[in-house]
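To start, the structure itself, in structure tokens.
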Amino acid sequence: MYDTSDIRKGLKIMIDGSPYSIVEFQFVKPGKGAAFTRTKMKNLLTGAVLERNLRSGDKLEPADVETKKMQYLYADADSFIFMDTTTYDQVNIPKATVGDSAAFMPENTNVEVLFFNARAVDVSLPNFIEQPVVEADPGHRGDTATGATKPVKISTGASINVPLFISVGDIIKIDTRSGQYIERVGRA
Amino acid sequence: MPAARETLEARARILRAVRGWFEGQGFLEVDTPARVRSPGQEVHLDAIPAGYASGVGGLRPPAPSAGGIGDPSRVPEKDARWLITSPEYHMKRLAAAGLPRIVQICKCWRGGESGPHHRGEFTMVEWYRAGAPLAALADDCEALLRAAAVAAGRDPAALGFAAPFARTTVRELWTRHAGIELGGDEDAAALRAKAVAAGVALGTAAAWDDIFYQVFLDRIEPRLAAGGPTFVFDWPAPLAALARPKPGDPRVAERFELYAGGLELANAFGELTDPVEQRRRFEDESRIRAARGGQVYPIDEALLAALPDMPPTSGIALGFDRLVMLVLGAADIAQVVAFGDQE
Numbered sequence: 001m002y003d004t005s006d007i008r009k010g011l012k013i014m015i016d017g018s019p020y021s022i023v024e025f026q027f028v029k030p031g032k033g034a035a036f037t038r039t040k041m042k043n044l045l046t047g048a049v050l051e052r053n054l055r056s057g058d059k060l061e062p063a064d065v066e067t068k069k070m071q072y073l074y075a076d077a078d079s080f081i082f083m084d085t086t087t088y089d090q091v092n093i094p095k096a097t098v099g100d101s102a103a104f105m106p107e108n109t110n111v112e113v114l115f116f117n118a119r120a121v122d123v124s125l126p127n128f129i130e131q132p133v134v135e136a137d138p139g140h141r142g143d144t145a146t147g148a149t150k151p152v153k154i155s156t157g158a159s160i161n162v163p164l165f166i167s168v169g170d171i172i173k174i175d176t177r178s179g180q181y182i183e184r185v186g187r188a
Numbered sequence: 189m190p191a192a193r194e195t196l197e198a199r200a201r202i203l204r205a206v207r208g209w210f211e212g213q214g215f216l217e218v219d220t221p222a223r224v225r226s227p228g229q230e231v232h233l234d235a236i237p238a239g240y241a242s243g244v245g246g247l248r249p250p251a252p253s254a255g256g257i258g259d260p261s262r263v264p265e266k267d268a269r270w271l272i273t274s275p276e277y278h279m280k281r282l283a284a285a286g287l288p289r290i291v292q293i294c295k296c297w298r299g300g301e302s303g304p305h306h307r308g309e310f311t312m313v314e315w316y317r318a319g320a321p322l323a324a325l326a327d328d329c330e331a332l333l334r335a336a337a338v339a340a341g342r343d344p345a346a347l348g349f350a351a352p353f354a355r356t357t358v359r360e361l362w363t364r365h366a367g368i369e370l371g372g373d374e375d376a377a378a379l380r381a382k383a384v385a386a387g388v389a390l391g392t393a394a395a396w397d398d399i400f401y402q403v404f405l406d407r408i409e410p411r412l413a414a415g416g417p418t419f420v421f422d423w424p425a426p427l428a429a430l431a432r433p434k435p436g437d438p439r440v441a442e443r444f445e446l447y448a449g450g451l452e453l454a455n456a457f458g459e460l461t462d463p464v465e466q467r468r469r470f471e472d473e474s475r476i477r478a479a480r481g482g483q484v485y486p487i488d489e490a491l492l493a494a495l496p497d498m499p500p501t502s503g504i505a506l507g508f509d510r511l512v513m514l515v516l517g518a519a520d521i522a523q524v525v526a527f528g529d530q531e
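These protein sequence lines are chains A and B, in that order. Residue 1 is where the first sequence starts when you use this note's numbering, and the numbers rise one by one after that. Residue 189 is where the second sequence starts when you use this note's numbering, and the numbers rise one by one after that.
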């Protein structure tokens, strides 16, 4: 068990059954009362930020979490298969765990997989990926109301709104958090 | 040097203005010991060891093999000395000796306290007014804050110091911000039940004051920090320390705290002068300290002996470093002192 004197940025603790990582902390001592540590922490499963005032002497349960660098290899019917880039071990992670992020996870993407109690619970993509356009309608007139864009597809099947000059074979940079086109970076 | 030269100059001007203000009010500036036998019984304040009484080890410390200087547990309790956590005990003895208006500006030390608003070594302004009600000290605070702002070249109105400060009570704040009707005489289990019903995450808090401060920090303090300067009166009796019960409502004590700019700036008491009640509280606090595994300090018998001679008096401690922070808009106490603990 930890106590409040162990608190530091990045410490992983359990709160109400979920793993959290400490983001910020500060010593406070109100009135003539006990010392507290005012903490801001992030839920490692949902990303939600929680503020808690932890009283000195309170015990904190360590969270059994580990982040591993992995590479996405391929998909089968209901899971994605990843390879640990350190040990070369392969693991199957249910498609539901990856969720909507899969749209921006082409094969060979390097990801970080969060394990909680030895089970993969979250897959973090790089913030940006660069992918060739595999499908585009050359005759598309574009949606002029939103600044002249048209939808194109990348290998995962994800549809991205891009400027009208983008064509099949262009490599484009995409923000995986928003799904937005950033820029054209070259030709395949 | 963490503080900028301009900050140190402003700090010096504020200090001069504070001294001048007290002089103008007819206060006598006093100087009481920094190394004492009884540094206080407060459950949550830890004193820092300061060797032995002069003549014991004060001039010629025992060899380290005999326990070493700074290890008061190895010498008779009466000879061990501690740095003051506040000058209150000796100042109350001066008040009891018949000095009606006294002020002291001095260093105090508290073990284990370090953060943006806390330093192990800090400067306190402490003053006592005989025959004055608690509200008179609140008036003093308003005048002092204005004087400090002017001395630092700041506009008191811009800092929210121009109009009379808000005055509220602990109960009002609990009702308004936590949705809890606070009595002050409920036991810890009842208080815990109220806090749990209000959705406060209490952890393992079981003691009355621990439950109180969890609610305070979670629900009340952020609201106080967002508002202008505010006096919070009528603290529940379990948090009375050296304050007397409020006439007409003994569930609360004659105590206020001043909050401003997110800082807890001052704490004031209508001083308890009943030696029997004061001894009972000291003994309770000593027992709690012992039960929590803390150092237990000797009860200040000289203070208890002096209390019957003390006229009705109001006393207050104001954090000088925090006053400078408030006036200058500094977020961290390290910005307003010349050197930190590691320098």
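Glycine is no exception: its CB is placed at the ideal position from the N, C-alpha and C atoms.
Item                                                                                                                                                                         : Value
Closer than 8 Å, Cβ to Cβ, to anything on chain A: give me those residues from the stretch 281-303 of chain B, in chain order.                                               : Gly300, Glu301, Ser302, Gly303
Asn43 (chain A) touches chain B at which residues, Cβ-Cβ below 9 Å?                                                                                                          : Simply none; closest approach about 14 Å.
Using a Cβ-Cβ cut-off of 8 Å, state whether Lys95 (chain A) counts as contacting chain B.                                                                                    : no
Between the stretch 228-243 of chain B and chain A, which residues of the former have a C-beta closer than 7 Å to a C-beta of the latter?                                    : Glu230, His232
Less than 8 Å between the CB atoms is what I'm expecting for Leu514 (chain B) and Leu446 (chain B), so what's the real figure, rounded?                                      : About 10 Å; that fails the 8 Å criterion.
Ends of the alpha helix (DSSP H) at Leu611 (chain B)?                                                                                                                        : The first residue shown for chain B is 189 and the last is 531, placing residue 611 (chain B) beyond what the model contains.
For the stretch 197-207 of chain B and the stretch 331-345 of chain B, state whether three or more C-beta atom pairs, one from each stretch, are separated by less than 8 Å. : yes
If you compare alpha carbons, which of B:Gly299, B:Ala428, B:Trp297, B:Leu322 is closest to Asp472 (chain B)?                                                                : B:Ala428
Out of A:Asp175, A:Ser21, A:Leu125, state which residue places its alpha-carbon closest to the alpha-carbon of Glu112 (chain A).                                             : A:Leu125
Would you mind giving the Cβ-Cβ distance between Phe27 (chain A) and Leu54 (chain A), rounded to the nearest angstrom? I have them listed as a contact below 8 Å.            : Not a contact, Cβ separation roughly 11 Å.
List the whole-angstrom C-beta distance separating Lys12 (chain A) from Val65 (chain A), where the pair is believed to meet the contact cut-off of C-beta under 8 Å.         : 5 Å
Among B:Gly507, B:Val484, B:Asp497, B:Val525, which one has its Cα closest to the Cα of His232 (chain B)?                                                                    : B:Val484
Show which residues of chain A have a CB atom less than 8 Å away from the CB atom of Tyr277 (chain B).                                                                       : The premise fails here: Tyr277 (chain B) is roughly 15 Å from chain A at the closest Cβ pair, so nothing lies under 8 Å.
Can you give me the Cβ contacts of Val403 (chain B) inside the same chain, cut-off strictly under 8 Å, excluding the 5 residues immediately before and after it?             : Trp362, Ala366, Ile368, Ala383, Ala386, Val388
Taking Ala34 (chain A) as the reference, which of B:Gly300, B:Leu282, B:Ser226 has the closest Cα?                                                                           : B:Gly300
Where does Ser79 (chain A) sit, in a helix, a strand or coil, going by DSSP?                                                                                                 : strand
For the beta strand (DSSP E) that Gln180 (chain A) lies in, which residues bound it at each end?                                                                             : 180-187
Could you tell me whether the Cβ of Gly367 (chain B) comes closer than 8 Å to any Cβ of chain A?                                                                             : no
Please classify Arg8 (chain A): does DSSP put it in a helix, a strand, or coil?                                                                                              : coil
Identify each residue in the stretch 386-401 of chain B for which the Cβ-Cβ distance to at least one residue of chain A is less than 8 Å, and report them in chain order.    : Ala389, Gly391, Thr392, Ala393, Asp397, Asp398, Phe400, Tyr401
What does Pro62 (chain A) reach in chain B if we use C-beta pairs closer than 9 Å?                                                                                           : Under the 9 Å cutoff, chain B gives no residues; its nearest Cβ is about 16 Å from Pro62 (chain A).
Alpha carbon to alpha carbon, what distance is there between Pro94 (chain A) and Asp78 (chain A)?                                                                            : 6 Å
Given a threshold of 16 other Cβ atoms within 10 Å of its Cβ, counted over all protein chains shown, does Val502 (chain B) qualify as buried or as exposed?                  : In the sequence as presented, Val is not what sits at residue 502 (chain B); that position holds Ser. Counting Cβ neighbours within 10 Å, Ser502 (chain B) comes out buried, since at least 16 surround it.
To the nearest whole angstrom, what separates the beta carbons of Leu412 (chain B) and Ala431 (chain B), a pair I think is in contact under 8 Å?                             : In fact, because the Cβ distance is near 20 Å, the residues do not count as touching under 8 Å.
Considering Cα atoms alone, identify which of B:Gly481, B:Ala235, B:Pro496, B:Asn455 is closest to Pro463 (chain B).                                                         : B:Pro496
Anything in the stretch 26-51 of chain A with a Cβ closer than 8 Å to a Cβ of chain B? List those residues in chain order, please.                                           : Gln26, Phe27, Val28, Lys29, Pro30, Gly31, Lys32, Gly33, Ala34, Ala35, Phe36, Arg38
Which residues of chain B have a Cβ atom closer than 8 Å to the Cβ of Asn53 (chain A), listed in chain order?                                                                : Gln402, Leu405, Asp406
Please identify, using Cβ separations under 7 Å, the residues of the stretch 407-430 of chain B that lie next to chain A, in order along the chain.                          : Glu409, Leu427, Ala429
With distances taken from CA atoms, which of B:Ala340, B:Thr392, B:Gly214 is nearest Leu196 (chain B)?                                                                       : B:Ala340
Return no unless some Cβ of chain A is closer than 8 Å to the Cβ of Glu473 (chain B).                                                                                        : no
Less than 8 Å separating the beta-carbons of Gly129 (chain A) and Ile160 (chain A)?                                                                                          : Reading off the sequence shown, one finds Ile at residue 129 (chain A), where the question assumed Gly. Taking 8 Å as the Cβ cut-off, Ile129 (chain A) and Ile160 (chain A) do not qualify as a contacting pair.
Can you confirm whether Asp58 (chain A), when its beta carbon is compared against all beta carbons of chain B, has any partner nearer than 8 Å?                              : yes
To test your reading of the DSSP string, which unbroken alpha helix (DSSP H) runs of 4 or more residues are found completely within the stretch 301-378 of chain B?          : 322-339, 358-361
Using a C-beta to C-beta distance shorter than 8 Å, which residues of chain A count as neighbours of Glu452 (chain B)?                                                       : Pro30, Gly31
Straight-line CA distance for Val420 (chain B) to Met70 (chain A)?                                                                                                           : 56 Å
At the 8 Å Cβ level, is Glu330 (chain B) part of the contact set with chain A, yes or no?                                                                                    : no
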